[in-house]
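> First, the structure itself, so that you have it in front of you.
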Amino acid sequence: MYVMIGLSLLYASAMGGAAIKTISIRHYPGTLLCNLIGVVLVFLSLVKLPFLYLGIGTLFFAAILNGVIVFQKVTPRHMLIRLIFSLILVSFVYWIS
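Here it is in structure tokens:
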């Protein structure tokens, strides 16, 4: 279980770092805020596990927003890969706990 939570924290850190680096708060404040809320929720999963599910869901939504709004390009393949990764993280943590 700790490996999956660690992987989730690593994923959240990578998403947060990429969002801070690539998304301008002046041009896309809502998208950046959605990314950062997802990161905070995943880190709050260290306190209560249900925050992990909310955080991964928020990061999935944020990834779609990043593609559609910021980069003006999101492919079905991108969405499918994000969805599969998110479902795997949530499923493994749910089954293990």
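Counting in the working numbering, the sequence shown runs from 382 upward without gaps. Quick reminder that beta carbons are idealized off the backbone N, C-alpha and C, glycines included.
Within this structure, are the beta carbons of L422 and L414 separated by less than 9 Å?
Result no, Cβ atoms of L422 and L414 do not sit closer than 9 Å.
> Do T403 and V451 have their C-beta atoms within less than 9 Å of each other?
Cβ distance < 9 Å, so T403 and V451 count as in contact.
> I'd like the span of the alpha helix (DSSP H) that includes T403, first residue to last.
Segment 383-403, the alpha helix (DSSP H) holding T403.
> Check this for me: beta carbons of F432 and R463, under 9 Å apart or not?
No, the pair does not count as a contact, with Cβ atoms beyond the cut-off.
> Which class does Y434 belong to by DSSP, given the choice of helix, strand or coil?
Reduced to three states, the DSSP call for Y434 is helix.
> Report buried or exposed for V449, applying the criterion of at least 16 other Cβ atoms within 10 angstroms of its Cβ.
Exposed.
> Which stretch, first to last residue, makes up the alpha helix (DSSP H) that contains L464?
Start and end: 457-477.
> Report the rounded CA-to-CA distance for L470 versus L390, giving the unit in angstroms.
Looking at the two C-alpha atoms, the distance is approximately 11 Å.
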